[in-house]
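Peer 1: Sharing a structure here in structure tokens format.
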Amino acid sequence: ITLLIIDECHHTHKEGVYNQIMRRYISRKHNGECKLPQILGLTASPGGANTVPQAVDHVLEICANLDSAIVSAEVHAPELAAKVPRPRTTFDIVEKRPEDPFADHLTSMMLKIHEYLYTADPSLQFREIGTQDYEADVVLLEESGVKQGKRLLAQCALHLRQYNNALLINDTLRMEDAYKSLGDFYATKANTAIDKTDRFLIELFRKNQERLSSLSIDVRYANPKMAQLQTTLLNQFGESTSSRGIIFSKTRLSTNCLLDWVSNNPAMQKANIQAAILTGAGSGNNSMSQNQ
């Protein structure tokens with residue numbers, strides 16, 4: 001390990017797990033161990049202090065616990081600033097796809113499910129498809145359907161949420177990632193139909209599966225955001241073989257999609273870009289439990 005990243009490092013105190021790690025780190029350092037990782041602490045908070053002096057004291061405590069030291073030049077600061085590049089923030093604005101037939105096809109399938117729902121409850125209303133607001137609507141509908149014992153509503157809402165997730169993935173990542181997420185869901189439903197609602201939903205996907213599959217690999221409609229991300233990564237890693245970076249992603253699923261993209265992208269592999277998944281608290285091979 002050459003780099004240890006401690007997110008929310010203001011928790012590095014008392015008997016917190018971060019502090020326990022740093023105690024072992026400092027102990028090894030005092031015992032003369034040389035090959036210790038660099039510590040990178042990330043935080044936007046001075047802790048739970050209510051006054052400036054308390055905040056200062058807490059920050060100093062955290063700095064001590066993280067084994068921080070002033071390594072920047074103080075006497076020759078102007079000369080240092082002239083030679084060492086400052087961090088810079090850039091914004092890459094990416095235009096939307098001119099055409100997105102994959103998303104259009106998913107939307108048309110969702111509207112058919114809406115029509116099926118209206119036969120049971122014509123008063124249902126949804127916000128814009130492909131948004132977090134829409135997801136909130138179908139989550140509430142599923143909960144309501146379960147509580148009222150209305151299986152038609154609950155099952156349709158469950159499937160609509162999967163379609164909406166696919167639209168969100170399609171907007172951020174690759175079409176094939178969106179298609180795979182939907183395919184994986186229906187693979188678990190193929191032999192579980194127990195009523196006409198299940199049969200309607202499963203048959204709707206089966207009838208459209210081939211079309212969705214062909215659209216998902218059509219390079220004419222590839223996500224320009226991924227092209228821009230590739231350009232950015234190649235520019236950064238092309239400058240130095242020692243470059244490192246973190247791509248922040250909203251969901252665990254998207255981290256898996258990004259890893260697959262980097263691992264199977266010829267340009268990325270040629271640049272020797274290596275990637276791995278790091279997720280927060282939860283269950284799974286790439287995440288930690290709350291106790292950890």
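Heads up: the sequence shown at position 184 corresponds to 184 in full-length UniProt numbering, and the numbers run straight through without jumps. Where is the CB? At the ideal position from N, CA and C, for every residue including glycine.
#1: Give the single residue among Ile247, Leu253, Leu36 and Arg252 whose Cα lies nearest to the Cα of residue 312.
#2: Whole angstroms is fine: what's the gap from lysine 112's alpha carbon to arginine 97's?
#3: Using DSSP's beta-bridge definition, name the partner residues of aspartate 171.
#4: Using the rule of at least 16 other Cβ atoms within 10 Å of the residue's Cβ for burial, across every protein chain shown, is histidine 10 buried or exposed?
#5: Three or more C-beta pairs under 8 angstroms: does that hold for the segment 227 to 234 against the segment 113 to 129?
#6: Between which two residues does the beta strand (DSSP E) containing leucine 38 stretch?
#7: Do the segment 148 to 155 and the segment 163 to 176 meet, that is, are 3 or more Cβ pairs less than 8 angstroms apart?
#8: With a threshold of 8 angstroms, are at least 3 pairs of Cβ atoms found where one atom belongs to the segment 100 to 107 and the other to the segment 168 to 181?
#9: Going straight from the alpha carbon of valine 146 to that of serine 254, what length do you get?
#10: Using alpha carbons as the reference points, say which of His114, Leu42 and Gln20 lies closest to aspartate 7.
#11: Taking three-plus beta-carbon pairs below 8 angstroms as touching, is the segment 264 to 279 in contact with the segment 181 to 195?
#12: Going by beta-carbon coordinates alone, are glutamate 142 and leucine 124 separated by less than 8 angstroms?
#13: For leucine 3, does the count of other Cβ atoms within 10 angstroms reach 16, so buried, or fall short, so exposed?
#14: Can you name the residues that DSSP bridges to histidine 7?
#15: For glycine 245, which residues of its own chain have a beta-carbon under 7 angstroms away from its beta-carbon, when the five flanking residues on both sides are left out?
#16: If you check the beta carbons only, do aspartate 171 and glycine 130 fall under 8 angstroms apart?
#17: Between which two residues does the alpha helix (DSSP H) containing leucine 215 stretch?
#18: Determine whether the beta carbon atoms of isoleucine 62 and histidine 13 lie at a separation below 8 angstroms.
#19: Output the distance between the C-alpha atoms of lysine 150 and leucine 278, rounded to the nearest integer angstrom.
#20: May I have the straight-line CA-CA distance separating aspartate 184 from valine 138, to the nearest angstrom?
#21: With cysteine 257 as the anchor, note down where its alpha helix (DSSP H) starts and where it stops.
#22: Whole angstroms is fine: what's the gap from serine 216's alpha carbon to glutamate 210's?
#23: Excluding five sequence neighbours on each side, which residues of the same chain lie with their C-beta closer than 8 angstroms to the C-beta of arginine 24?
#24: Check threonine 107 in the structure and name its three-state DSSP category.
#25: Would you call the CB atoms of glutamine 228 and aspartate 92 closer than 8 angstroms?
#26: Quick one: residues in its chain with C-beta nearer than 6 angstroms to the C-beta of leucine 201, no 5 flanking neighbours on either side, listed in chain order?
#27: According to DSSP, is histidine 58 part of a helix, a strand, or is it coil?
#28: Rounded to whole angstroms, what's the CA-CA distance from asparagine 256 to alanine 49? Just pull it up for me.
#29: With 16 as the cutoff for other CB atoms within 10 Å, does arginine 174 come out buried or exposed?
Peer 2: Reading from the atomic positions:
#1: There is simply no residue 312 to check, as the chain begins at 1 and stops at 292 in what is shown.
#2: As a working note, residue 112 is residue 112 in the sequence shown. As a working note, residue 97 is residue 97 in the sequence shown. Approximately 24 angstroms between the Cα atoms of the pair.
#3: The residue labelled residue 171 in the question sits at position 171 within the sequence shown. Beta-bridge pairing links aspartate 171 to no other residue.
#4: Counting from one through the sequence shown, the residue named residue 10 turns up at place 10. By the 16-neighbour rule on beta-carbons within 10 angstroms, histidine 10 is buried.
#5: Verdict: no, contact absent.
#6: By one-based count along the sequence shown, residue 38 stands at place 38. Before going further, note that residue 38 is glutamine rather than leucine in the sequence given. Where glutamine 38 is concerned, the enclosing beta strand (DSSP E) stretches over 38 to 42.
#7: With the cut-off at 8 angstroms, the segment 148 to 155 and the segment 163 to 176 do not touch.
#8: Yes, they touch.
#9: Within the sequence shown, numbered from 1, the residue matching residue 146 stands at position 146. Within the sequence shown, numbered from 1, the residue matching residue 254 stands at position 254. So the two alpha carbons sit approximately 29 angstroms from each other.
#10: On the sequence shown, position 7 is the one that residue 7 refers to. That would be Leu42, whose Cα lies nearest to the Cα of aspartate 7.
#11: Output reads no: the segment 181 to 195 does not touch the segment 264 to 279.
#12: Numbered from its first residue, the sequence shown carries residue 142 at position 142. Numbered from its first residue, the sequence shown carries residue 124 at position 124. In this structure, glutamate 142 sits away from leucine 124, with a CB-CB distance that is not shorter than 8 angstroms.
#13: Counting from 1 along the sequence shown, the entry for residue 3 is found at position 3. By the 10 Å Cβ count, leucine 3 comes out exposed.
#14: Taking the sequence shown and counting its residues from 1, the one referred to as residue 7 is at position 7. The question names histidine, yet the displayed sequence has aspartate at residue 7. DSSP output for aspartate 7 lists Leu42 as bridge partner(s).
#15: Against the sequence shown, residue 245 aligns to sequence position 245. Exclusion of the five residues before and after glycine 245 leaves Gln236 as the residues of its chain whose Cβ lies within less than 7 angstroms of its Cβ.
#16: Position 171 of the sequence shown holds residue 171. Position 130 of the sequence shown holds residue 130. Against a cut-off of 8 angstroms, the Cβ pair of glycine 130 and aspartate 171 comes out as a contact.
#17: Numbered from 1 along the sequence shown, position 215 holds the residue referred to as residue 215. It spans 196 to 216 - the alpha helix (DSSP H) in which leucine 215 sits, taken as one unbroken run.
#18: Along the sequence shown, one-based indexing puts residue 62 at 62. Along the sequence shown, one-based indexing puts residue 13 at 13. Cβ distance < 8 angstroms, so isoleucine 62 and histidine 13 count as in contact.
#19: The residue labelled residue 150 in the question sits at position 150 within the sequence shown. The residue labelled residue 278 in the question sits at position 278 within the sequence shown. About 40 angstroms.
#20: The sequence position of residue 184 within the sequence shown is 184, counting from 1. The sequence position of residue 138 within the sequence shown is 138, counting from 1. Approximately 20 angstroms, taken between the alpha carbons.
#21: Here residue 257 refers to the residue found at position 257 of the sequence shown. Counting along the chain, cysteine 257 sits inside the alpha helix (DSSP H) bounded by residues 252 to 263.
#22: Counted from its first residue, the sequence shown places residue 216 at position 216. Counted from its first residue, the sequence shown places residue 210 at position 210. The straight-line gap from Cα to Cα measures roughly 10 angstroms.
#23: Locating residue 24 in the sequence shown gives position 24, where the first residue counts as 1. Result list for arginine 24: empty, nothing under 8 angstroms.
#24: Translated into the one-based positions of the sequence shown, residue 107 becomes position 107. Threonine 107 falls in the helix class under three-state DSSP.
#25: As a position in the sequence shown, residue 228 is number 228, starting the count at 1. As a position in the sequence shown, residue 92 is number 92, starting the count at 1. In terms of Cβ geometry, glutamine 228 and aspartate 92 form a close pair [threshold 8 angstroms].
#26: Taking the sequence shown and counting its residues from 1, the one referred to as residue 201 is at position 201. His159, listed in sequence order.
#27: Position 58 of the sequence shown, counted from the start, is the residue given in the question as residue 58. Helix, per DSSP.
#28: In the sequence shown, the residue the question calls residue 256 occupies position 256. In the sequence shown, the residue the question calls residue 49 occupies position 49. Taking the CA atoms as reference points, asparagine 256 sits about 38 angstroms from alanine 49.
#29: Position 174 of the sequence shown, counted from the first residue, corresponds to residue 174. Buried, since its Cβ has 16 or more Cβ neighbours within 10 Å.
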